[in-house]
Amino acid sequence: MKKALSLLFILFAFAMANAQSLPKVQQGGIKLPANVKIDGKTDEWNNKFMAYNPATELFYTIANDDKRLYLIIQANDPNLEGTVNRILASGITLTLFNKNQKNNKGITITYPATDVIGTALYSFKGADGKLIKITDSLVQARNLDLQKKFKFIKLSGIKNLTTIPVYNDEGIEAAHRFDIKNNYTLELSIPLAVAGSQVNAANALAYKITVNGSKAAMFEMQKAESAGTSSNPQNTSKVPESIMKQLYQMNATYTGQTNFSGEYTLVK
Numbered sequence: 006m007k008k009a010l011s012l013l014f015i016l017f018a019f020a021m022a023n024a025q026s027l028p029k030v031q032q033g034g035i036k037l038p039a040n041v042k043i044d045g046k047t048d049e050w051n052n053k054f055m056a057y058n059p060a061t062e063l064f065y066t067i068a069n070d071d072k073r074l075y076l077i078i079q080a081n082d083p084n085l086e087g088t089v090n091r092i093l094a095s096g097i098t099l100t101l102f103n104k105n106q107k108n109n110k111g112i113t114i115t116y117p118a119t120d121v122i123g124t125a126l127y128s129f130k131g132a133d134g135k136l137i138k139i140t141d142s143l144v145q146a147r148n149l150d151l152q153k154k155f156k157f158i159k160l161s162g163i164k165n166l167t168t169i170p171v172y173n174d175e176g177i178e179a180a181h182r183f184d185i186k187n188n189y190t191l192e193l194s195i196p197l198a199v200a201g202s203q204v205n206a207a208n209a210l211a212y213k214i215t216v217n218g219s220k221a222a223m224f225e226m227q228k229a230e231s232a233g234t235s236s237n238p239q240n241t242s243k244v245p246e247s248i249m250k251q252l253y254q255m256n257a258t259y260t261g262q263t264n265f266s267g268e269y270t271l272v273k
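Following this line, the structure appears as structure tokens:
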């Protein structure tokens, strides 16, 4: 158990060291490998990315070929209120727009999409605050859970569509999964026939990547403030102020929205 935990800490430290060597926003375009499959895996990229954005805590790469625009992101945040659970609560939104056009709202693709408020959280730590052991069976169970819960993609600015299934006729593909290192990876593929409407004369398009954050708080603070008094009216004890501050901060993080913007030039 100690060896497994030590390995996780080593992997996390290595990831952070790698993050510090990457730009915050991707520089330049990149050709999409011919063998890329939209399956939530990073095999085709050898788990390497073009940028790490600290505001969203995301590794990411944008690429293209002559038919599609592609985005892959990866997060590894063990905190209950962290990036991974925020994504699963309300999704990642990719906004594409031509910044040279006035009053252009562009197009947006949000995945995973769910109308269920209060989506179940994934716990990465035990009651003692230490990272739990990641096993093949746990990864398999979590990925099966992802398949069952998240079956839709939300859109705006595309053919008046608002929601489409993951398996659709629009050519938009999406997938996400966990791996044995506790990484959460998400992939999106958009036909250039769709994204091309936002490409400017310089063969570039502006983009914004948003971690939407949860629509609902993690903790009901009114209940937390009165904890212990409802079942026993004689109990006037209060939750310590330090704990309350921590709960408020966790709620703020969990429901908070973070984003960053950049520009991508298509490669031929």
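Positions 6 to 273 (the numbering used here) are the ones given, in order, by the sequence shown. The C-beta atom is built at its ideal place from N, Cα and C for all residues, glycine as well.
- Message: Once the 5 residues before and after G34 are set aside, which same chain residues still bring their CB inside 8 Å of it?
- Response: Your numbering for residue 34 matches position 29 in the sequence shown. Closer than 8 Å at Cβ, skipping near neighbours: I67, A68, N69, Y269, T270, L271, V272.
- Message: With a threshold of 6 Å on Cβ separation, who are the neighbours of G261 within its own chain once the five nearest residues in sequence on each side are excluded?
- Response: By 1-based counting over the sequence shown, the position of residue 261 is 256. Closer than 6 Å at Cβ, skipping near neighbours: G218.
- Item | When R147, N90, L101, L76 are compared against L160, the one with the closest alpha-carbon | Here residue 160 is taken as the residue at index 155 of the sequence shown, counted from 1. Ranking the options by Cα distance to L160, first place goes to L101.
- Taking L63 as the reference, give the member of I214, S26, S202 with the closest Cα. The sequence position of residue 63 within the sequence shown is 58, counting from 1. Among I214, S26, S202, the Cα nearest to that of L63 is on I214.
- Who are the near neighbours of A200 in its chain, counting only those whose CB is closer than 6 Å to its CB and skipping five residues on each side? Along the sequence shown, one-based indexing puts residue 200 at 195. If we look at A200 and ignore the five residues flanking it on each side, its Cβ neighbours are L74, L101.
- Under 8 Å, do T115 and I177 count as touching if we go by C-beta distance? As a working note, residue 115 is residue 110 in the sequence shown. As a working note, residue 177 is residue 172 in the sequence shown. No, the Cβ-Cβ distance between T115 and I177 is not below 8 Å.
- Look at the alpha carbon of P28 and the alpha carbon of Y57, and state the distance between them as a whole number of angstroms. Translated into the one-based positions of the sequence shown, residue 28 becomes position 23. Translated into the one-based positions of the sequence shown, residue 57 becomes position 52. Spanning the two alpha carbons is a distance of roughly 6 Å.
- Please work out which residues of its chain come closer than 8 Å, Cβ to Cβ, to N173, disregarding the five sequence neighbours upstream and downstream, and give them in chain order. The residue you call residue 173 lines up with position 168 of the sequence shown. So the qualifying residues of the chain are I158.
- Query: Taking the C-alpha atoms as reference points, what is the distance between S194 and V41?
  - Reply: Within the sequence shown, the letter at position 189 stands for residue 194. Within the sequence shown, the letter at position 36 stands for residue 41. Near 10 Å, if we compare the C-alpha coordinates of V41 and S194.
- N51 versus I139, P38, A60, K164, residue with shortest Cα-Cα distance: Counting from 1 along the sequence shown, the entry for residue 51 is found at position 46. The residue among I139, P38, A60, K164 with its C-alpha nearest the C-alpha of N51 is P38.
- Item | C-alpha gap between T234 and N84, whole angstroms | Numbered from 1 along the sequence shown, position 229 holds the residue referred to as residue 234. Numbered from 1 along the sequence shown, position 79 holds the residue referred to as residue 84. The pLDDT assigned to T234 is 47, lower than 50, so where the model puts this residue is not dependable; a value taken from the coordinates is nonetheless given after this. Each residue's Cα considered, the two are about 29 Å apart.
- Message: For the beta strand (DSSP E) containing Y259, name the first residue and the last one.
- Response: Working through the sequence shown from its first residue, we reach residue 259 at position 254. It is not in any beta strand (DSSP E) - Y259 instead sits in the alpha helix (DSSP H) that spans 246–260.
- Proximity winner among Q106, V171, D120, relative to S95 (alpha-carbon distances): Walking along the sequence shown from the start, residue 95 turns up at place 90. Among Q106, V171, D120, the Cα nearest to that of S95 is on D120.
- Message: Beta-carbon within less than 7 Å of N188's beta-carbon, same chain only, minus the 5 sequence neighbours each way: which residues are those?
- Response: In the sequence shown, counting from the first residue as 1, residue 188 sits at position 183. For N188, where only same-chain residues beyond five positions count, the Cβ hits under 7 Å are Q79, N81.
- Looking at C-alpha atoms only, which residue of L143, A132, N103, E192 is the closest neighbour of T47? Here residue 47 corresponds to residue number 42 of the sequence shown, with the count starting at 1. Looking from the CA of T47, the closest CA among L143, A132, N103, E192 belongs to E192.
- Have a look at the DSSP bridge pairing and note the partners of T263. As a first step, residue 263 is located in the sequence shown; it is residue number 258 there, counting from the start. In the DSSP output, where bridge partners are listed per residue, T263 has V216.
- Item | Three-state secondary structure assigned by DSSP to T168 | On the sequence shown, residue 168 is found 163 positions in, with the first residue counted as 1. Residue state, collapsed to three classes: strand.
- Task: State the start and end residues of the unbroken beta strand (DSSP E) segment that holds I92.
- Result: Counted from its first residue, the sequence shown places residue 92 at position 87. From DSSP, I92 is part of no beta strand (DSSP E) but of the alpha helix (DSSP H) over 88–95.
- Message: Taking the straight line between their C-alpha atoms, what separation do you get for V144 and Y212?
- Response: For the purposes of this step, residue 144 is taken as the residue at position 139 of the sequence shown. For the purposes of this step, residue 212 is taken as the residue at position 207 of the sequence shown. Cα-Cα distance, rounded: 32 Å.
- Message: Quick check on DSSP: helix, strand or coil for S235?
- Response: Locating residue 235 in the sequence shown gives position 230, where the first residue counts as 1. Caution applies to S235, whose pLDDT of 48 falls short of 50 and renders its modelled position unreliable; the value that the coordinates give is listed next. Coil.
- Have a look at Y259 and Y127 and give me their C-alpha separation to the nearest angstrom. Numbered from 1 along the sequence shown, position 254 holds the residue referred to as residue 259. Numbered from 1 along the sequence shown, position 122 holds the residue referred to as residue 127. So the alpha carbons of these two residues sit roughly 13 Å apart.
- Task: Kindly indicate which three-state DSSP category A222 falls into: helix, strand or coil?
- Result: Residue 222 sits at position 217 when you count from the first residue of the sequence shown. Of the three classes helix, strand and coil, the one that applies to A222 here is coil, per DSSP.
- Task: Measure the Cβ-Cβ separation of L149 and H181 and say whether it is below 8 Å.
- Result: As a position in the sequence shown, residue 149 is number 144, starting the count at 1. As a position in the sequence shown, residue 181 is number 176, starting the count at 1. The Cβ atoms of L149 and H181 lie no closer than 8 Å to each other.
- Helix, strand or coil at Q79 [DSSP, three-state]: Counting from one through the sequence shown, the residue named residue 79 turns up at place 74. Looking at Q79 - three-state DSSP - the assignment turns out to be strand.
- Query: To the nearest whole angstrom, what separates the beta carbons of G45 and T190, a pair I think is in contact under 8 Å?
  - Reply: Taking the first residue of the sequence shown as position 1, residue 45 is located at position 40. Taking the first residue of the sequence shown as position 1, residue 190 is located at position 185. 5 Å between Cβ atoms; contact.
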